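This report concerns only the one structure given below.
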Amino acid sequence: MRGRSGSAALFFLALAIQVFFTPRAMAFEKTGLLDGIEYRFICTDVAQLKEKINVLVILSRPAGAGGAKKAIRVSLGIPIGAFKPMAGPESLEAGFELGPGDTERFAFRDLLALETAEPGSCTFELRISAGEGGEEVLPFEVATVRGPLPPRGLLSILYPTIVALLFLPFFVFFLLRLGESGGWRTVKDAELAEPEEAWWEQEESP
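Residue numbers for the sequence shown follow our numbering, so the first one is 1 and each next one is one higher.
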């Protein structure tokens, strides 16, 4: 019983280590609702100097919504001196019309992190306005760093491999325990005492 308790404790300890030391995803995501328009945008939160990043925006209108099409304006404010839109300032604004059930996906592309910028945190602002409703301002941070970033494709391969290797000894241990003689037994056979003599047999005995 002690062996099993110790194994369970080690298993939960390894699980806790995995939860607390899992590297965070290098991306920022925000969702919300504005005047019946559902929005979602995704952007990396780390950029290497001289690297181009994109801000993905998804706009959708529920199919059950009535009424005519709604005009939607989206603009992106970038930190001047740290990032530059390679397609020009006009690429930082976009307009759409969404009817019931429509979905629009687009991206502010090729935002270049300038080499002359100091490494640090830069504030972006995504502005969304829909119909006659007010304007939604969504600030988010992107950190600029010098030197190469960890290869994201390689991390997606190495991280599950490392986790699997960490848990491999526990699986081997459990397999060895189950392979032992009687390893599948969970309750010991009850030791039955000798049956008592029936009362009628006691009366018939001389």
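The C-beta atom is built at its ideal place from N, Cα and C for all residues, glycine as well.
On a predicted model such as this, the values are computed, not experimentally measured, just so you know.
Ignoring anything shorter than 3 residues or poking outside the stretch 62-129, list the beta strand (DSSP E) runs there in chain order.
70-77, 83-85, 93-98 and 103-113
Note down the Cα distance separating Glu115 from Glu38, rounded to an integer number of angstroms.
The residue given as residue 115 occupies position 115 in the sequence shown. The residue given as residue 38 occupies position 38 in the sequence shown. Rounded to the nearest angstrom, the two C-alpha atoms are 36 Å apart.
DSSP has Arg40 in a bridge; who is on the other side?
By one-based count along the sequence shown, residue 40 stands at place 40. Note: Arg40 sits in a beta bridge opposite Thr31 and Ile58.
Helix, strand or coil: how does DSSP classify Leu138 here?
On the sequence shown, residue 138 is found 138 positions in, with the first residue counted as 1. Residue state, collapsed to three classes: strand.
Expressed to the nearest angstrom, what Euclidean distance is found between the alpha-carbon atoms of Gly88 and Ala68?
Position 88 of the sequence shown, counted from the first residue, corresponds to residue 88. Position 68 of the sequence shown, counted from the first residue, corresponds to residue 68. Computed Cα separation, rounded: 33 Å.
For Arg73, which residues of its own chain have a beta-carbon under 6 Å away from its beta-carbon, when the five flanking residues on both sides are left out?
Here the question's residue 73 lines up with position 73 in the sequence shown. Taken in chain order, the residues that qualify are Gly95 and Ser129.
Using the Cα positions of Met86 and Glu97, report the straight-line distance between them to the nearest angstrom.
Taking the first residue of the sequence shown as 1, we reach residue 86 at position 86. Taking the first residue of the sequence shown as 1, we reach residue 97 at position 97. Cα-Cα distance, rounded: 26 Å.
Compare the Cα-Cα distances from Thr44 to each of Gly134, Tyr159, Ile157 and Phe124 and report the closest residue.
Sequence index remark: in the sequence shown, residue 44 carries index 44 (1-based). Ranking Gly134, Tyr159, Ile157 and Phe124 by Cα distance to Thr44 puts Phe124 first.
Buried or exposed: Thr144, going by 16 or more other Cβ atoms within 10 Å of its Cβ?
Numbered from its first residue, the sequence shown carries residue 144 at position 144. Thr144 should be labelled buried.
Excluding sequence positions up to five away, which residues of its chain have a Cβ less than 6 Å from the Cβ of Gly32?
By 1-based counting over the sequence shown, the position of residue 32 is 32. For Gly32, where only same-chain residues beyond five positions count, the Cβ hits under 6 Å are Tyr39.
Nearest-angstrom Cα separation, counted from Tyr159 out to Phe174:
Taking the sequence shown and counting its residues from 1, one reaches residue 174 at position 174. Taking the sequence shown and counting its residues from 1, one reaches residue 159 at position 159. Distance between the alpha carbons of Phe174 and Tyr159: 23 Å.
Would you call the CB atoms of Pro169 and Arg146 closer than 7 Å?
Indexing the sequence shown from 1 puts residue 169 at position 169. Indexing the sequence shown from 1 puts residue 146 at position 146. Result no, Cβ atoms of Pro169 and Arg146 do not sit closer than 7 Å.
My guess is that Ile58 and Arg105 are in contact by the Cβ rule of under 8 Å, so how many angstroms apart are they, rounded?
Position 58 of the sequence shown, counted from the first residue, corresponds to residue 58. Position 105 of the sequence shown, counted from the first residue, corresponds to residue 105. Their Cβ separation, rounded to whole angstroms, is 5 Å, which keeps Ile58 and Arg105 in contact under 8 Å.
If you draw a straight line from the C-alpha of Gly101 to the C-alpha of Phe167, how long is it?
Counting from one through the sequence shown, the residue named residue 101 turns up at place 101. Counting from one through the sequence shown, the residue named residue 167 turns up at place 167. For Gly101 and Phe167, the distance between alpha carbons rounds to 46 Å.
Should Leu76 and Leu92 be called a contact, given that it needs their Cβ atoms to be closer than 7 Å?
Counting from 1 along the sequence shown, the entry for residue 76 is found at position 76. Counting from 1 along the sequence shown, the entry for residue 92 is found at position 92. In this structure, Leu92 lies closer than 7 Å to Leu76 by Cβ.
For Arg61, which residues of its own chain have a beta-carbon under 8 Å away from its beta-carbon, when the five flanking residues on both sides are left out?
Numbered from its first residue, the sequence shown carries residue 61 at position 61. Cβ neighbours of Arg61 beyond the five flanking positions: Gly36, Ile37, Glu38, Lys70, Leu98, Gly99, Pro100, Gly101, Asp102 and Thr103.
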